[in-house]
Structures are given as structure tokens and as C-alpha cells.
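Here's the structure, in C-alpha cells; my notes come after.
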Amino acid sequence: MDAPEQHNPDAQPVVLVIDDETQMVSIITFALETSGFRCLSANSAEEGWRILRSHAVDLAVIDVMLPGASGVELTAEIRKNSTLPIILLTALGEEEDRIAGLEAGADDYVTKPFSPRELVLRAHTIMRRTRPQAENNRVQVGELIIDRVTLESSWRGKALGISRGEVKLLLALAENPHTFLTPRELLRQVWDSHDSVSGRDTLKTAVYRLRCHLRECGFPDNAIESRRGTGYALKLS
Numbered sequence: 001m002d003a004p005e006q007h008n009p010d011a012q013p014v015v016l017v018i019d020d021e022t023q024m025v026s027i028i029t030f031a032l033e034t035s036g037f038r039c040l041s042a043n044s045a046e047e048g049w050r051i052l053r054s055h056a057v058d059l060a061v062i063d064v065m066l067p068g069a070s071g072v073e074l075t076a077e078i079r080k081n082s083t084l085p086i087i088l089l090t091a092l093g094e095e096e097d098r099i100a101g102l103e104a105g106a107d108d109y110v111t112k113p114f115s116p117r118e119l120v121l122r123a124h125t126i127m128r129r130t131r132p133q134a135e136n137n138r139v140q141v142g143e144l145i146i147d148r149v150t151l152e153s154s155w156r157g158k159a160l161g162i163s164r165g166e167v168k169l170l171l172a173l174a175e176n177p178h179t180f181l182t183p184r185e186l187l188r189q190v191w192d193s194h195d196s197v198s199g200r201d202t203l204k205t206a207v208y209r210l211r212c213h214l215r216e217c218g219f220p221d222n223a224i225e226s227r228r229g230t231g232y233a234l235k236l237s
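Numbering (UniProt numbering), first residue to last: 1 to 237.
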């Protein structure tokens with residue numbers, strides 16, 4: 001599976017709420033949105049995964065008991081490729097679910113029935129802990145956002161969905177916007193390899209593919225400019 005993308009570039013953090021009970025989703029989203037969050041919602045692990053692959057998300061609130069794949073299984077799948085903060089909702093007294101959730105990689109849990117205010121406080125606590133670090137790791141050029149550590153990327157608030165290799169190439173260009181980087185510099189930064197004929201062919205192919213994917217995501221046609229004898233530059237305002 002593709003890795004989920006997260007860390008919304010806007011100031012307002014985005015929370016994905018995954019619960020098969022519509023009333024519970026309404027209660028949670030109302031409490032979070034009243035407290036400054038923006039919410040997306042899903043009623044199953046599969047639907048939640050699709051949202052994670054296509055939207056930038058800062059926090060997931062996941063019910064353990066979901067139809068199909070459980071919340072614990074979804075948490076484990078997310079943890080394979082992402083550091084997205086996760087709060088699990090568990091039934092009162094279900095200690096095994098809480099332990100399994102934490103072992104799968106959840107950051108916190110809240111037992112049902114719970115106070116919406118408690119959930120909001122826990123969400124804010126996690127955001128204070130994670131967002132400053134994300135800001136320090138973040139490279140931004142115009143509406144392009146890339147996290148240096150996780151390689152999560154977004155354009156105009158939506159996850160790019162490109163490969164890690166393409167993100168590394170885009171990151172090298174984004175860290176030096178409007179500056180032409182030579183093939184030698186890009187080969188060293190992205191692939192940790194020396195300049196060679198085969199290396200330059202690899203770079204040309206990678207740039208071509210990256211340009212195609214960026215156009216599909218809505219980037220300007222000239223987002224990556226090439227100059228013969230010089231190299232490549234990212235041109236975004």
C-alpha cells in the first residue's frame with residue numbers, strides 16, 4: 001500500500017475521525033471543530049485509509065471496533081510508513097484492546113464513554129508535542145510543503161502521492177528554490193552517487209517522471225526548469 005500523507009500546511013490542524021457510529025462521529029467532530037480543528041470523517045478502516053492517502057492529516061482518532069479491519073489493524077498499517085499521531089477509542093474495561101493499540105503504535109487512547117472535552121484536551125496535547133517539530137523539519141516553497149524527515153509532501157493542502165525517490169529529488173530542488181543545481185550536485189544529494197553517464201541518464205529519467213506527476217497534481221508546466229550545461233531549478237512563487 002502507498003504511504004499515507006500528513007501534516008497539513010495550514011495553521012488549522014486536520015483530524016481524521018474514523019468510527020462506524022454516525023452519532024459518535026458527529027459528537028467528536030463538533031467538539032474538535034469548536035476547539036479549532038478541521039475534521040474529516042470515515043466509517044471504516046478502508047474508507048479512512050483512502051482519505052489518508054489523498055489528504056494531508058495531522059491527527060487520526062480511530063475507534064477500535066470497526067467493520068472489516070479493526071482500528072488496531074489500521075493503526076499497525078499506518079505505522080509501517082508514517083508517524084501520524086493516533087488516538088484510539090476503546091470500550092471501557094477492554095484492557096487487551098488498549099494494550100494491542102499501544103503496541104501497534106497508537107500515541108494515546110480514550111475509553112468510551114468519554115467526555116468530548118477530554119478528547120479535545122488530549123488532541124491539543126499531541127498537537128503541541130508534534131507540530132513544532134514538524135515546522136522545524138518543513139521546507140516550503142509557495143504552496144509546496146515537504147517534511148525533510150518523513151518525506152511527506154503536499155501541494156495546496158493535498159498529499160502529492162509521489163514516490164519517495166521523487167520526493168527526495170523535489171526536496172533537493174525545494175531547498176534551493178530558483179537556483180540551478182548541477183547534475184553532479186543532484187546525484188550526490190538524492191542518490192549519494194558520483195557523476196557519470198549512467199547517473200545523468202538516471203537523473204534525466206527521474207526529472208521527466210517527476211515533471212509528469214507534478215503536472216498531474218496541478219503544478220505549472222515550468223515548475224522544474226532545465227538549462228543546458230547548467231542543471232535544474234525549481235521555479236515556484
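Think of the CB as a built atom: it goes at the ideal place given N, C-alpha and C, for glycine as much as any other residue.
- Around the Cβ of valine 141, a 10 Å sphere holds 16 or more other Cβ atoms; the residue is buried.
- The beta-carbon distance between glycine 48 and isoleucine 18, rounded to whole angstroms, is 4 Å. This is short enough to meet the 8 Å contact definition.
- Straight-line spacing of the CA atoms in serine 82 and valine 149 works out to 11 Å.
- Alanine 172 is not a Cβ neighbour of leucine 160, given a cutoff of 9 Å.
- Fully enclosed alpha helix (DSSP H) runs of no fewer than 4 residues occupy 45-54, 71-79 and 95-104 of the stretch 37-121, in order along the chain.
- Using a 10 angstroms sphere on the CB of threonine 179, the tally of other CB atoms stays under 16, which defines it as exposed.
- For glutamate 33, the secondary structure class from DSSP, reduced to helix, strand or coil, is helix.
- Shortest Cα-Cα distance from glutamate 103 to any of Tyr208, Ile86, Ile145 and Ala91 involves Ile86.
- As summarised for the UniProt DNA-binding region "OmpR/PhoB-type" (136-236), the continuous beta strand (DSSP E) elements at least 3 residues long and confined to that stretch are 138-141, 144-147, 153-155, 224-227 and 231-234, given in chain order.
- Per DSSP, the beta bridge partners of isoleucine 18 are Ala42 and Ile62.
- Comparing alpha-carbon positions, the option among Ser115, Asp63 and Leu74 lying closest to threonine 90 turns out to be Asp63.
- By alpha-carbon distance to serine 196, the top candidate from Arg53, Arg184, Asp97 and Arg79 is Arg184.
- As the crow flies, the alpha-carbon of threonine 205 is around 13 Å from that of tyrosine 232.
- In terms of Cβ geometry, glutamine 12 and phenylalanine 37 form a close pair [threshold 9 Å].
- Closest by C-alpha distance to arginine 53, out of Arg98, Leu74, Leu66 and Pro67, is Leu74.
- For glutamate 175, same chain residues with a beta-carbon under 7 Å away, outside a window of 5 residues either side, are Val139 in chain order.
- Here DSSP, grouped into helix, strand and coil, assigns glutamine 12 to coil.
- Separation of tyrosine 109 and tryptophan 191 (C-alpha to C-alpha, rounded to the nearest whole angstrom) is 40 Å.
- By the criterion of a C-beta distance shorter than 6 Å, proline 67 is surrounded in its chain by Asp20 and Ser44, once the five residues flanking it on both sides are discounted.
- A direct Cα-to-Cα measurement between leucine 234 and aspartate 147 gives close to 17 Å.
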